[in-house]
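Position in the sequence shown counted from 1, then plus 4, gives you our numbering.
Note that beta-carbon positions come from the ideal geometry of N, C-alpha and C, so glycine has one too.
Structure, as structure tokens:
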Amino acid sequence: MADGRERPKMLIADTEDGRRQLKNIFEAEYQVVETKDGGDLFAPMSENKFEVALIDIKFPHAREFVMRLKSDDHISEIPVLALVSNLDDGAQAMNNGATDFLMRPYHPLITRHRVRNIVDKFMVERLLAHSHVDLATLDPHNHVELDRLTGLYNRDAFCQRAAALMQTNLDQKYYIIYFDISCFKAVNDLFHVETGNSILRTAANYFKRQVDPSVGLCGHLEADHFVMCIPQNKINVGNMLDGLDGAIQALDISHNILFYAGVYPVNNVDLPVDQMCDRANMALKKIKGNYMNRYAYYDDGMREVMLQDQMIVRDMEAALAQNQFAIFLQPVYNVKTDSIESAEALIRWFHPINGMVSPGKFIPVFERNGFIVKTDRFVWEEVCKFIRQQREETGQVIPVSVNVSRLNFYNLDLLEFLLGLLEKYDLESWMLKLEITESAYTDNPHQLMSIIKAFREEGFPVLMDDFGSGYSSLNMLKNLPVDVLKVDMAFVRELEESERAYMILKFIMMLARELGMDVIVEGVETKKQLDYLTSLGADKIQGYYFSRPLPVPDFKKLVESKQNK
Ligand code: C2E
Ligand code: CA
Ligand code: CA
């Protein structure tokens, strides 16, 4: 390591493929010791002083090993994470004494954070158990307070110390500033982990130089997130960002790395500092990715959004248990045959106090906290029930498309779950269409490709949602064999004013025809838009012009009236 400290040791007992992935994720931070056959997991333990062990619970001696943990004093101080392929195995491993588990396929960022959190927690517990130290009296250079990569304060230490600083200087006005790099993930994907790490260390060193420790302080929260607490009259945020860019450019990495900052002017020193950080982060999120605007100040409107988000998180589990979610169906019209050829299922939340909450508000929250996986599965099942019922009542099937949020791709049993639904409701895969948003491609192109392939092999039609809204549309098309492109609404919005939008749509239609893909255009609201689109050869249309998303009974009536015409 650049600071001369030796890297701690990590034991990895996993399949060859798993070892390779985990090594990629951890080798910058740890000296990785691998065991290939899991033969004797105890031997490496007694020879080495490990900081953490990751163990495939399918290895012959793994269960016994994890069981022994509870009784062995020496080993029980080491966190052991079970490597599993499904939640049941994870739960079982924890029952047997594993500290936590990691689920395949390993998501680099989540895996890294999870391990880091657990190791830190163990370290604190070990210290407390052995030396009876009080956390508040820890030496400021103690490694528990400092982030090991950057040498800046970690989250807890930063929050404690910033609170103390502000409380002892009540006549001084402070900023809490949150820094974040655009596209850091891409940097980590494109280059070696060490490149990402050197960016973080360079930024940390710059912060250390800029902030006089007698007046302010800096912290490294996680990944590419930094925070600073500094008197308002001691900083010019714009200059600070320029300097930071300069320091990073000196590393000569062939990728445009830009820092963004969100600034919370502290007006209530009694607010917990991590909430101040959240507010600064909220301001940051407004402008991240915007080249013209590199920093922004927090305002109270953002707080409203946060409160709303908190309400959503607080109530979501109960909402699912109490049936507050329902699906609406929006028809997709075939203009040529003048018929409803399919529908899209869109989730609705009827909150007992707040009334109908828009998916635009709660979906992004669910995507951040992972709850989307549960609601998506709920929607898929509701859709299957609908298709089944419709077939029983009318003898006909209208295929329905469902949204498959990108987080689902990290669940190994995704395909199994979908096939299970088909079996349960006695349906066929062509009846359930899967909409995948274009932006999922940038997360993990290879994985997405293989999932789409597997879906199609099972006969599920795959739709590329919001096509044209991302950066990688064309590049992606080359690699992703989808059945339908759903053209993003933004094109339709601009169709009437912008010649460019018209040309692009025309090009998309041509391309789709060439590649043998279907096109659905969504967001069509007016006759004029429809006429433009039909002149371009677009005939599958979803939009308010024909119908808004409808409650299931209304949708059924619409289908019926259309057929009786
Ligand atoms: P999306 O998948 O692009 O869905 C289309 C959205 O456009 C829907 O908004 C629909 O009501 C709206 N829309 C359709 N036609 C028109 C039109 O002519 N004009 C206008 N202005 N809007 C139109 P909705 O239902 O509010 O959903 C918003 C987004 O929330 C969806 O965008 C999707 O990303 C997400 N979402 C909704 N339901 C689910 C779900 O069950 N699972 C997941 N993962 N995401 C969902
Ligand atoms: Ca959709
Ligand atoms: Ca869409």
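In this structure, residue 210 places its C-beta atom within 7 Å of the C-beta atom of residue 248. The Cβ atoms of residue 298 and residue 245 sit closer than 7 Å to each other.
Judged by DSSP in its simplified three-state form, residue 435 adopts helix. In the displayed model, residue 378 falls within a helix according to three-state DSSP.
Cβ atoms of residue 255 and residue 203 come within 8 Å of each other, at about 7 Å. Distance from residue 181 to residue 267 at the Cβ level is roughly 5 Å; contact confirmed, criterion being Cβ atoms closer than 8 Å. Burial state of residue 358 is exposed, judged by a 10 Å Cβ sphere holding fewer than 16 other Cβ atoms. If you compare the alpha carbons of 220, 253 and 228 with that of residue 237, the shortest gap goes to 220. If you look at residue 269, you'll find it in the beta strand (DSSP E) that goes 263-269.
Taking the Cα positions, residue 385 is about 10 Å away from residue 436. Distances between the C-beta of residue 218 and the heavy atoms of ligand 1 are all 6 Å or more.
The beta strand (DSSP E) runs lying completely inside the region 438-493 and spanning 3 residues or more are 466-471 and 488-491, given in chain order. Residue 213 counts as exposed, since fewer than 16 other C-beta atoms from the protein chains shown sit within 10 angstroms of its C-beta.
For residue 487, the Cβ stays outside the 6 Å cut-off from all heavy atoms of ligand 3.
One Cα belongs to residue 516, the other to residue 482, and the distance between them is close to 11 Å. For ligand 2, residues qualifying as neighbours are 348, 407, 439 and 469, where qualification means a beta carbon closer than 6 Å to at least one of its heavy atoms (chain order). Within the same chain, and ignoring the five residues on either side of residue 466 in sequence, the residues whose Cβ sits closer than 7 Å to its Cβ are 438, 440, 456, 459, 460, 486 and 487.
Classified as buried, residue 394 has 16 or more neighbouring CB atoms from the shown chains inside 10 Å of its CB.
The C-beta separation of residue 117 from residue 226 comes to about 6 Å, placing the pair in contact by the 8 Å criterion.
Within the region 154-220, the complete alpha helix (DSSP H) segments at least 4 residues long are 159-172, 188-194 and 197-214, listed from N- to C-terminus.
One Cα belongs to residue 235, the other to residue 173, and the distance between them is close to 10 Å.
Counting only the Cα atoms, residue 269 lies some 33 Å from residue 119. DSSP places residue 399 in no alpha helix (DSSP H); its state is neither H nor E.
DSSP, read as helix, strand or coil, puts residue 520 in coil. Nearest neighbour of residue 126 by Cα position, chosen from 178, 83, 93 and 185, turns out to be 83. When DSSP assignments are scanned along the region 504-563, the uninterrupted stretches of alpha helix (DSSP H) that are 4 or more residues long and fall wholly within it turn out to be 531-539.
Residue 57 is bridged by DSSP to 15 and 84. The C-beta of residue 68 has fewer than 16 other C-beta atoms within 10 Å across all chains shown, which makes the residue exposed. Remark: the C-beta of residue 94 is outside contact range of ligand 1, defined as less than 6 Å to any heavy atom. Residue 352 is positioned such that its CB atom lies no closer than 7 Å to that of residue 366. Between ligand 1 and residue 548, a heavy atom-to-CB distance of less than 6 Å is present. Residue 17 sits away from residue 54, with the two beta carbons spaced by 7 Å or more. Bridge partners of residue 405 according to DSSP: 348 and 437. Annotation for residue 159: 225 place their beta carbon closer than 6 Å to its own, counting only its chain and skipping 5 residues before and after. For residue 363, the distance from the CB to the nearest heavy atom of ligand 1 is below 6 Å.
Shown here, residue 259 sits in coil according to DSSP, grouped into three states, outside any helix or strand.
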